[in-house]
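In our numbering, the protein residues as written are 863 to 1171.
What follows is the structure in structure tokens.
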């Protein structure tokens, strides 16, 4: 199979680095496109033909597969530092980011139009926006928690009546917290005027992370933690086998959102069932491999080397 595997992301990102080291050891030509450094450090040129693409003056042949770690299109995105530029001239900086988005999204769309398998392309990533993602999973008959996204205090009060809830940002960036009676006081609810919030039924059971790649489950874990939001509070992470019913649910969820590769979070309900909290289009996996001895990295390398076949 001809063509390189292209890794799109920051060269010093640990996941990009791991793939950039592992793929060549398998004899696979590998290119790293520095999307964080574009346009300041990386040059990208398009001609009118779909495949007329050059990076730093060198034509790039049609890739056999693309791994998209991140495009870095937001000034507040993880790993992005536009503080000085925003302080100096926020309008000019936003224009730079807008033009960056046009070029990088077009790069992904060109490769998609050429039939290049992308793990995961922009259309699939867009499908994972939380309020749309959860609604699509529910419509597909998959188990999800009762959830409300709103900036309407009256709607929140109705939803919170006689049930235990958690709340969290819609996009992420802050810890999940249990909703307390004082959170429903008028002064607190007034804060909804600045931003909608996600409210969700509190699930008291086990935390699980499951990785799905090209329609099959490749790893699953139980995560024990001291806090409701386990991130940073893990006491143990254990590789587990999940039953066929849960495997089917996870594969169907990835297919419903068009994700070739995903790390999905599930949590146990009081009746012993599990509900889907979210599917991530660019999940971190190095930490899970290191802690448990699994090989998500190897499975992803194999998929990329085969061109998604």
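C-beta atoms are modelled at their ideal positions from N, C-alpha and C, and glycine is treated no differently. Computed from a predicted model, the values in this text were never measured in an experiment.
Return helix, strand or coil for residue 962, following the three-state DSSP convention. Taken through DSSP and simplified to helix, strand or coil, residue 962 comes out as helix.
Pairs of beta-carbons, one from the segment 1056-1068 and one from the segment 1016-1033, closer than 8 Å: are there three or more? Yes, they touch.
Can you grab the Cα-Cα spacing for the pair residue 1166 / residue 991, in whole Å? The C-alpha of residue 991 is placed about 25 Å away from the C-alpha of residue 1166.
Cβ neighbour criterion (16 or more within 10 Å) applied to residue 945: Exposed, because fewer than 16 other Cβ atoms sit within 10 Å of the Cβ of residue 945.
So what does residue 896 bridge to, in DSSP terms? Looking at the DSSP assignment, residue 896 forms a beta bridge with 871.
Beta strand (DSSP E) runs wholly inside the segment 1089-1114, at least 3 long, in chain order: Fully enclosed beta strand (DSSP E) runs of 3 or longer: 1096-1101.
Range covered by the beta strand (DSSP E) that runs through residue 879: In the DSSP annotation of this structure, residue 879 is not part of any beta strand (DSSP E); the continuous alpha helix (DSSP H) holding it starts and ends at 876-887.
When you compare each of 1085, 1135, 876, 1003 to residue 1097 by their alpha carbons, which one comes out closest? Closest option to residue 1097, Cα to Cα, is 1085.
As an exercise, report each continuous beta strand (DSSP E) stretch of at least 3 residues that is fully enclosed by the segment 960-1048, in chain order. Counting whole runs of 3 or more residues, the segment 960-1048 contains the beta strand (DSSP E) stretches 1009-1012, 1027-1030.
Three-state secondary structure (DSSP) at residue 1172? There is no way to answer for residue 1172, as the model of the chain reaches only from 863 to 1171.
Buried or exposed: residue 1088, going by 16 or more other Cβ atoms within 10 Å of its Cβ? Counting of Cβ neighbours within 10 angstroms places residue 1088 among the exposed residues, the total staying below 16.
Assumed close pair residue 883, residue 866 - CB separation to whole angstroms, cut-off 8 Å: A Cβ-Cβ separation of about 15 Å leaves residue 883 out of contact with residue 866 under the 8 Å criterion.
Extent of the continuous alpha helix (DSSP H) to which residue 1151 belongs: Residues 1148-1154.
Sub-8 Å separation of residue 1169 and residue 979 beta-carbons: The answer is yes: Cβ separation under 8 Å.
For residue 1083, the residue or residues it bridges with in DSSP: For residue 1083, which the question treats as bridged, DSSP gives the partners 1071, 1101.
Can you name the residues that DSSP bridges to residue 906? Under DSSP, residue 906 takes part in a beta bridge, and its partners are 917.
With residue 897 and residue 966 assumed to form a contact (beta carbons below 8 Å), what rounded beta-carbon distance in angstroms separates them? In this structure residue 897 is in contact with residue 966, their Cβ atoms being roughly 6 Å apart against a cut-off of 8 Å.
Can you give the Cα-Cα distance for residue 1151 and residue 1052, rounded to whole angstroms? Approximately 43 Å between the Cα atoms of the pair.
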